[in-house]
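Visitor: As they're listed, the protein sequences go chains A and B.
At position 101 of the first sequence the residue is numbered 106 (the numbering used here), and the sequence of numbers has no breaks.
At position 205 of the second sequence the residue is numbered 210 (the numbering used here), and the sequence of numbers has no breaks.
Number of protein chains: 2
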Amino acid sequence: MTTGGKRGRRTPARRSGARSHPTRERILDAAERLFAQRGFHGVSIRDITGAADVDVALANYHFGSKQGLLEAVFARRAEELNGERLARLDALLAAGRRKAPTLEEIIDAFTHPLLDRSARGGPGWKSYFALVAEVNNSPEFGGVLMTRTFDQVVQRFIEAIRRALPGCEERDLYWAYHFLSGALTLTFAETGRIDKLSGGVCRSNDLDSVHERLVPFCAAGFRALCVRKGRTRKPPARRSKAAR
Amino acid sequence: MTTGGKRGRRTPARRSGARSHPTRERILDAAERLFAQRGFHGVSIRDITGAADVDVALANYHFGSKQGLLEAVFARRAEELNGERLARLDALLAAGRRKAPTLEEIIDAFTHPLLDRSARGGPGWKSYFALVAEVNNSPEFGGVLMTRTFDQVVQRFIEAIRRALPGCEERDLYWAYHFLSGALTLTFAETGRIDKLSGGVCRSNDLDSVHERLVPFCAAGFRALCVRKGRTRKPPARRSKAAR
DNA sequence: GTCTATAAGATGATAGAC
DNA sequence: GTCTATCATCTTATAGAC
């Protein structure tokens with residue numbers, strides 16, 4: 006789980022030297038794009054290797070199985086993503102030795118690295134996030150792949166939000182994160198639905214407009230849940246296993 | 006598009022009489038369940054007719070094609086859903102001849118019929134909403150199927166929200182709806198991710214807890230977008246084609 | 001690492017008997 | 001409306017030559 010290799014069987018390594026874009030990467034690029042467009046089952050290994058212009062057998066050689074290929078695609082860009090997210094969070098926490106970071110700053114650190122890459126990172130990143138959107142909403146893959154790939158970092162962010170909203174109940178905190186996750190990933194899918202619904206006023210691929218609004222929308226939502234009226238106030242709820 | 010039949014070719018009709026659960030419905034039930042579990046491409050017609058315990062050829066006979074079957078599954082429960090949503094909205098608008106409905110009441114009328122059926126409507130409804138979650142986040146089907154099935158009703162709700170938030174800009178209104186849609190449909194997927202993330206504090210299938218929180222979360226989000234500071238106030242922005 | 005060849009079976013759809 | 005039989009193609013995966 007460190008460098009993103011190793012999937013079930015021996016990994017051939019990047020011994021090929023000079024080329025920074027060898028067969029392995031070509032297959033990952035094609036798989037990323039096609040999985041994003043039509044989903045895991047909607048694409049065959051032949052579609053992928055054909056698009057990558059490599060031999061059919063090489064996908065199985067490099068990734069063991071079709072599912073191994075999906076997991077490799079999913080893991081490839083995760084490290085960079087998680088790294089920048091944590092760096093931003095750490096910067097916020099370090100800067101705010103005395104003045105704690107605002108909820109808006111924390112949510113921004115969580116969403117900006119993603120929306121920025123989907124908007125300006127090139128077609129590979131765009132496909133990657135569309136795939137994340139599908140996986141997040143898939144009963145088949147969502148529970149395992151999202152958890153394995155992102156939730157260690159998510160825990161760090163929830164911990165920061167917990168401190169920004171003292172007295173907030175654990176359940177409210179996690180459900181609010183759930184809503185944020187749904188709003189964020191639907192954005193990545195870029196289905197074009199909002200374009201038609203809004204009569205052209207909004208465009209699915211205008212991610213800067215989304216980001217400008219997602220942060221205040223969710224920050225207000227978090228606050229609304231954590232200060233709801235008619236609440237029996239409890240002691241700070243020392244999270245038991247929630248923060249392992 | 007009235008009674009939910011008619012998909013591309015002649016429809017054999019429910020002439021079989023007595024039985025209220027004929028072959029057609031058995032196929033729809035099985036397809037609904039399997040499409041929800043593994044997605045459109047993850048299931049074969051043989052899987053579906055096998056689960057329905059009917060002959061393989063009957064799926065194509067009744068629905069023309071695999072895609073026709075998907076569209077029939079998607080349309081089957083939509084009418085009841087849209088009907089109750091509109092009835093609730095109309096009740097709100099009628100009751101509030103003088104006192105306009107609150108944002109919370111409008112959002113509740115939009116989400117409650119869905120969350121209530123997913124929680125207590127039986128396994129068919131549960132599968133249906135899981136399928137909606139996947140379709141909403143699918144670049145392949147989301148833009149067409151969601152628009153065709155739900156967006157006429159969605160427009161009515163957005164119109165009501167527009168009146169509850171006078172002066173709100175169109176773009177903010179539609180993006181806020183987009184966030185609501187993402188939060189709502191991720192809930193339907195019930196992937197189990199939130200269970201693990203929260204260490205058991207939240208459960209994916211506890212939809213009553215979700216509903217209790219989704220309404221205030223989104224209401225606060227809508228308000229936050231529509232009264233953002235540093236905004237150049239515009240005239241009520243008479244929506245041109247957005248409300249056809 | 002790459003390729004050919006092929007195993008072994010599944011796929012969506014249909015024609016035509018009943 | 002239902003079923004059998006079948007078409008023509010595609011499916012994942014692997015063995016073995018180079």
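Think of the CB as a built atom: it goes at the ideal place given N, C-alpha and C, for glycine as much as any other residue.
Computed from a prediction, not measured in an experiment: that's the story for all the values here.
Between B:R218, B:G126, B:G197, B:H216, which has its C-alpha nearest R5 of chain B's C-alpha?
Guide: What is shown of chain B runs 6 to 249, which leaves residue 5 of chain B out entirely.
Visitor: Are the C-beta of A229 of chain B and some C-beta of chain A separated by less than 8 Å?
Guide: A229 of chain B counts as touching chain A.
Visitor: For D58 of chain B, is the classification buried or exposed, using 16 other Cβ atoms within 10 angstroms of its Cβ as the cut-off for buried?
Guide: Flag for D58 of chain B reads exposed.
Visitor: Going along the chain, which unbroken runs of the alpha helix (DSSP H) with 4 or more residues stay wholly within the stretch 116-195 of chain B?
Guide: For the stretch 116-195 of chain B, whole alpha helix (DSSP H) runs of length 4 or above, ordered along the chain, are 128-141, 152-169, 175-194.
Visitor: Using beta carbons (cut-off 8 Å, strictly below), is Q42 of chain B in contact with chain A?
Guide: Closer than 8 Å to some Cβ of chain A, the Cβ of Q42 of chain B qualifies, so yes.
Visitor: Residues in its own chain within less than 6 Å of R82 of chain A by CB, not counting five upstream and five downstream?
Guide: Within the same chain, R82 of chain A has close Cβ partners Y133.
Visitor: What does the alpha-carbon distance come out to for the pair A169 of chain B and Y182 of chain B?
Guide: Answer to the nearest angstrom: the Cα atoms are 14 Å apart.
Visitor: Residues of chain A with a CB under 8 Å from the CB of K201 of chain B: which are they?
Guide: By Cβ distance, chain A contributes G148, T152, D156.
Visitor: Starting from C223 of chain A, trace the alpha helix (DSSP H) both ways and give me its first and last residue.
Guide: 212-231 is the span of the alpha helix (DSSP H), which, as asked, contains C223 of chain A.
Visitor: Determine, using beta-carbon pairs with one atom in the stretch 187-195 of chain A and one in the stretch 214-223 of chain A, whether at least three such pairs fall under 8 Å.
Guide: Because the criterion of three Cβ pairs below 8 Å is met, the stretch 187-195 of chain A and the stretch 214-223 of chain A touch.
Visitor: Check whether chain A comes within 8 Å of A116 of chain B, counting only Cβ atoms and requiring the distance to be less than that.
Guide: What sits at residue 116 of chain B in the sequence shown is Thr, not Ala. Cβ-Cβ to chain A under 8 Å: no for T116 of chain B.
Visitor: Using a Cβ cut-off of 8 Å (strictly closer), state whether A169 of chain B contacts chain A.
Guide: Taking Cβ atoms only, chain A never reaches closer than 8 Å to A169 of chain B, which makes this a no.
Visitor: Looking only at its chain, what residues have a beta carbon closer than 6 Å to the beta carbon of E89 of chain B, apart from the 5 residues adjacent to it on each side?
Guide: Only P118 meet the Cβ criterion.
Visitor: Hey, A135 of chain B and E195 of chain B are a contact pair by Cβ (cut 8 Å); roughly how many whole angstroms apart?
Guide: That belief holds up - the Cβ atoms of A135 of chain B and E195 of chain B are roughly 6 Å apart, short of 8 Å.
Visitor: In whole angstroms, give me the CA-to-CA distance for L63 of chain B and A56 of chain B.
Guide: Going from the Cα of L63 of chain B to the Cα of A56 of chain B covers about 13 Å.
Visitor: DSSP state of H46 of chain B, grouped into three classes?
Guide: If DSSP states are grouped into helix, strand and coil, H46 of chain B belongs with coil.
Visitor: Which stretch, first to last residue, makes up the alpha helix (DSSP H) that contains D58 of chain B?
Guide: Looking at the DSSP string, D58 of chain B is not in any alpha helix (DSSP H), and its letter there is neither H nor E.
Visitor: Pull up the distance between the alpha-carbon of D34 of chain A and that of G129 of chain A, whole angstroms please.
Guide: Roughly 7 Å between the two C-alpha positions.
Visitor: Does the beta carbon of R191 of chain A come closer than 8 Å to any beta carbon on chain B?
Guide: The question names Arg, yet the displayed sequence has Leu at residue 191 of chain A. Closer than 8 Å to some Cβ of chain B, the Cβ of L191 of chain A qualifies, so yes.
Visitor: Are three or more beta carbon pairs between the stretch 165-180 of chain A and the stretch 137-148 of chain B nearer than 8 Å?
Guide: No, the stretch 165-180 of chain A is not in contact with the stretch 137-148 of chain B.
Visitor: What residues in the stretch 71-92 of chain B bring their beta carbon closer than 9 Å to a beta carbon of chain A?
Guide: The stretch 71-92 of chain B vs chain A, Cβ under 9 Å: nothing.
Visitor: Going along the stretch 127-139 of chain B in order, which residues come within less than 7 Å of chain A, judged by CB to CB distance?
Guide: Per Cβ criterion, the list reads A135, A138, E139.
Visitor: Got a sec? Which residues, its chain only, sit under 6 Å from V232 of chain B by beta carbon, not counting five neighbours each side?
Guide: Once the five neighbours on either side are set aside, V232 of chain B has no close Cβ partner at all.
Visitor: What residue from B:W180, B:S214, B:A105 has the CA that sits closest to L202 of chain A's CA?
Guide: When each option's Cα is compared against that of L202 of chain A, the closest is B:W180.
Visitor: Can you name the residues of chain A whose CB is closer than 8 Å to the CB of E195 of chain B?
Guide: Residues of chain A passing the Cβ test: P144.
Visitor: Just checking: is the beta-carbon of R51 of chain A within a distance shorter than 8 Å of some beta-carbon in chain B?
Guide: Answer no: the Cβ-Cβ gap between R51 of chain A and chain B never drops below 8 Å.
Visitor: Note the first and the last residue of the continuous alpha helix (DSSP H) segment covering K71 of chain A.
Guide: First-last of the alpha helix (DSSP H) with K71 of chain A: 71-81.
Visitor: Would you verify that the beta carbon of F253 of chain B is, or is not, closer than 8 Å to some beta carbon of chain A?
Guide: In the structure displayed, chain B extends from 6 to 249; residue 253 of chain B sits before or after that span and is not available.
Visitor: Quick one: is R228 of chain A buried, meaning 16 or more other Cβ sit within 10 Å of its Cβ, or exposed?
Guide: So R228 of chain A ends up on the buried side.
Visitor: Count the other CB atoms within 10 Å of the CB of V48 of chain A; is the residue buried (16 or more) or exposed (fewer)?
Guide: Buried: at least 16 other Cβ atoms inside 10 Å.
Visitor: Note down the Cα distance separating Y66 of chain A from R122 of chain B, rounded to an integer number of angstroms.
Guide: Whole-angstrom Cα-Cα distance: 46 Å.
Visitor: Let me know the secondary structure DSSP gives A35 of chain B once reduced to three states.
Guide: Helix, per DSSP.
Visitor: Apart from the five residues just before and just after G22 of chain A, which ones in its own chain have a Cβ nearer than 7 Å to its Cβ?
Guide: For G22 of chain A, the predicted model reports a pLDDT of 35, less than 50, meaning its position is unreliable; a value from the coordinates is still stated below. Nothing meets the Cβ criterion.
Visitor: Just mark K131 of chain A as buried or exposed, buried being the case when its beta carbon has 16 or more other beta carbons within 10 Å.
Guide: Flag for K131 of chain A reads buried.
Visitor: With a threshold of 8 Å, are at least 3 pairs of Cβ atoms found where one atom belongs to the stretch 153-165 of chain B and the other to the stretch 151-171 of chain A?
Guide: The stretch 153-165 of chain B, when compared against the stretch 151-171 of chain A, does not touch it at the 8 Å Cβ threshold.
Visitor: Is any beta-carbon of chain A found at less than 8 Å from that of N141 of chain B?
Guide: Interface residue, yes.
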